[in-house]
Amino acid sequence: MNLRRLNKNTPHAAPILAAGAAIRKHQMIAGRHTHRDQHRTRADASGGSSITPRETRGGGFVVIDSFALSNRGLLASAKTQVRRFAAVLSAAAGALLLISTTVSAQVASRVVGPTSPLTGFPVGLIDENGVSLAPCVTDVLLCLAGTTVPNPAAPPSVPRNFPAEFFYSIADAHLNVPGAKVALLRVGIEGSFVNAPLVQAGQQTLFGRVRVRILGGLTAGTTYRITHPYGVLTTTAVSVAGVAVINQTEDIGCVAALVTAGVCPPFTPIVTSTPWPFLIWDPAVGPAAPAGFIGNPLIPHSVIGSPTGNNLFMVEELNAAGGVVRVVDQTNQFLVAGKRIDFTPPTAAVTSPLAGTVSGIVPVTATATDNVGVTSLQIQLDGVNLGAAGAASPVTVSWNTAFSANGLHRLRAIARDLAGNIGTSADVLVTVSNAVPPVFVTVPNVVGRPQLDAQSRLAAVGLLSAINTAHSATVQAGRVISQSPVGGARAAKGSTVTLLVSVGP
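Be aware that the sequence shown starts at 0, since it is given in numbering that gives the first Met the number 0, and climbs by one per residue.
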């Protein structure tokens with residue numbers, strides 16, 4: 000494999016090779032470049048910027064792992080390239096020795112989400128900074144022009160309702176180079192189809208793109224150093240029809256040849272492409288990015304995310320010794336598009352009461368945190384909602400344990416975020432132990448009744464009896480003279496009624 004085809008400053012070159020990811024790197028001569036852009040950024044109405052991975056060339060060349068592709072295009076060339084692919088992978092195995100620990104850790108921390116059954120593309124990508132992005136295909140203002148679904152009212156699906164090409168992330172920067180028709184840097188993660196503009200199931204492609212395109216305003220035969228967020232490119236401007244140009248594109252990931260070869264999907268090779276981590280608007284500089292997006296493709300803005308700290312696009316002219324003659328131009332302003340997706344569920348916890356015994360009225364408190372924000376926090380008792388859900392953390396509700404049976408009960412908290420992710424706390428086990436409330440009964444009137452009969456009537460309603468005796472000239476011996484409490488009163492079941500029983504005159 001010809002490593003010279005890769006920019007020596009590209010930090011991910013080794014894992015790219017080790018993963019066997021396909022590389023398309025173009026050096027297209029402007030006068031012989033016959034591709035007509037199907038879509039243009041709003042900032043580049045001149046037509047110098049293309050987002051399509053399918054290019055038709057006259058005299059330029061395309062390289063996949065250093066093998067030239069046929070001018071018939073990627074699909075036609077794939078048939079011959081597949082036969083060479085096994086040898087390419089074998090050669091790439093040796094490149095494992097080139098992987099640095101830092102780069103390997105970066106690649107390992109990138110996540111390709113599960114493939115959507117509706118679109119055939121990953122539902123999202125997560126970079127090493129934790130930025131999660133979905134296909135940006137539904138917002139005609141905040142996604143790149145021409146890359147949204149035909150019918151915004153219907154869910155995205157392939158092949159019926161999906162664009163021929165789209166981006167998870169894209170960042171464009173433009174320089175003011177006198178005499179240049181275009182001076183563009185484009186970096187991003189792009190999805191398309193082998194036969195684009197045809198949208199066909201099973202033909203999905205996904206790759207990272209770095210494009211530098213400067214048409215005019217340069218000196219042919221002069222060396223230039225181009226610094227961008229993902230590396231440094233040193234190259235020589237060439238003359239085409241009297242115009243000095245630099246025109247290079249690098250696509251790495253699941254490009255058409257690998258899809259046709261059956262190597263992709265899965266789309267995991269995308270993690271070895273160059274434009275990671277994603278460029279996003281600098282949150283320290285106003286205005287803030289629109290909610291749910293990493294930027295606005297209509298507004299130039301400073302960015303963060305460069306793995307080298309070079310969040311800029313700069314062109315320098317060099318002399319024969321490699322010294323800087325002049326800075327042609329530079330900018331830190333980018334047009335950024337990307338739709339956030341939240342894969343991270345919130346965390347929730349019941350913080351009060353602690354596990355143990357409770358009684359009476361108990362305040363129950365729950366807390367929740369989320370990487371974006373909690374939208375709902377609900378406390379449950381034994382799987383049933385306890386009080387109303389709160390819209391933020393913390394939430395406290397009152398639990399009257401008198402309405403719960405004595406014994407073991409479970410408290411838990413359930414949190415939701417804006418994306419619908421759900422986080423459930425561990426159960427907190429508490430034991431309710433309340434004194435059993437007394438049961439009141441009406442005391443029977445047993446005055447004048449024989450002692451045994453009176454005691455039987457009291458026992459029938461759950462009352463005990465105590466006997467005292469006294470002489471009475473009017474009450475026959477063995478009968479009740481009086482009682483306390485009196486008949487008709489209310490007394491707790493199990494309490495005692497004292498009877499005064501006559502022993503005669």
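Cβ atoms here follow ideal geometry from the backbone N, Cα and C, with glycine treated the same way.
For residue i, list the residues DSSP reports as bridge partners.
i, result
"Gln329", "Met313"
"Thr267", "Thr267 pairs with nothing; no bridge assigned."
"Asp171", "Arg185, Leu334"
"Thr441", "Arg489"
"Ala348", "Thr366"
"Asn420", "Per DSSP, none; premise fails for Asn420."
"Arg411", "Gln379"
"Trp280", "Val302"
"Arg339", "Leu132"
"Ile125", "Val110, Ser131"
"Ala144", "Bridge partners of Ala144: none, in fact."
Nearest-angstrom Cα distance between residue i and residue j?
i, j, result
"Gly123", "Val111", "7 Å"
"Thr248", "Val371", "35 Å"
"Ser464", "Gly406", "34 Å"
"Val363", "Asp341", "29 Å"
"Ala488", "Val435", "22 Å"
"His383", "Val460", "Residue 383 is actually Val in this sequence, not His. For Val383 and Val460, the distance between alpha carbons rounds to 38 Å."
"Pro274", "Ile225", "16 Å"
"Thr343", "Ser108", "15 Å"
"Cys559", "Ala163", "Because the chain is modelled from 0 through 504, residue 559 falls outside the range shown and cannot be assessed."
"Glu189", "Ala319", "37 Å"
"Pro228", "Thr395", "47 Å"
"Ala391", "Val429", "25 Å"
"Pro177", "Val262", "45 Å"
"Val106", "Ser115", "22 Å"
"Leu498", "Ser351", "52 Å"
"Asp171", "Thr366", "41 Å"
"Val431", "Gly355", "9 Å"
"Gln377", "Leu141", "34 Å"
"Ala425", "Ala388", "18 Å"
"Leu143", "Gly187", "12 Å"
"Leu518", "Thr330", "Absent from the structure is residue 518, since the part of the chain shown begins at 0 and ends at 504."
"Asn309", "Val302", "10 Å"
"His300", "Gln332", "5 Å"
"Ala179", "Val373", "49 Å"
Nearest by alpha-carbon distance to residue i: which of the options is it?
i, options, result
"Ala236", "Pro282, Gly215, Val106", "Gly215"
"Thr423", "Val429, Arg415, Thr430", "Arg415"
"Glu127", "Ala240, Ala144, Phe277, Gly252", "Phe277"
"Ala348", "Cys253, Ile413, Asn160, Thr374", "Ile413"
"Leu385", "Asn399, Val231, Ser168", "Asn399"
"Leu353", "Lys338, Asp281, Leu410, Asn310", "Leu410"
"Pro154", "Thr137, Phe165, Ala144", "Thr137"
"Asn246", "Ala182, Phe312, Val148, Asn444", "Ala182"
"Gly145", "Val314, Thr118, Pro296", "Pro296"
"Ala446", "Glu316, Ser481, Ile125, Leu311", "Residue identity check: residue 446 is Val in the sequence provided, not Ala. Considering only alpha carbons, the answer is Ser481."
"Val361", "Leu462, Phe402, Ala152", "Phe402"
"Val139", "Pro504, Val431, Lys338", "Lys338"
"Ala133", "Ile293, Pro449, Pro149, Leu428", "Ile293"
"Phe192", "Pro177, Asn309, Phe161", "Phe161"
"Arg185", "Gly230, Thr147, Gln199, Gly119", "Gly230"
"Arg208", "Gln202, Ala195, Thr271", "Thr271"
"Ala255", "Leu462, Gln199, Tyr223", "Gln199"
"Val327", "Leu457, Thr222, Val357, Gln202", "Thr222"
"Ser131", "Pro449, Gln450, Ala418, Ser358", "Ala418"
"Pro449", "Leu462, Ala243, Thr468, Phe266", "Thr468"
Could you check if residue i is buried or exposed, using at least 16 other CB atoms within 10 Å of its CB as the buried criterion?
i, result
"Val502", "exposed"
"Lys492", "exposed"
"Phe439", "exposed"
"Ser397", "exposed"
"Val500", "buried"
"Ser483", "exposed"
"Asp369", "buried"
"Gln535", "The requested residue 535 does not occur in the structure, where the chain is confined to residues 0 to 504."
"Ser168", "buried"
"His470", "exposed"
"Pro345", "buried"
"Arg325", "exposed"
"Ile269", "buried"
"Thr118", "buried"
"Ile125", "buried"
"Thr441", "exposed"
"Val284", "exposed"
"Gly241", "exposed"
Under 7 Å: does the beta carbon of residue i sit that close to some heavy atom of the ligand MN?
i, result
"Val211", "Because no ligand of any kind appears in the structure shown, any question about the ligand MN cannot be addressed here."
What are the complete beta strand (DSSP E) segments, minimum 3 residues, inside the segment 423-482?
427-431, 439-441, 463-469
As an exercise, report each continuous beta strand (DSSP E) stretch of at least 3 residues that is fully enclosed by the segment 201-246, in chain order.
203-215, 222-227, 230-235, 237-239
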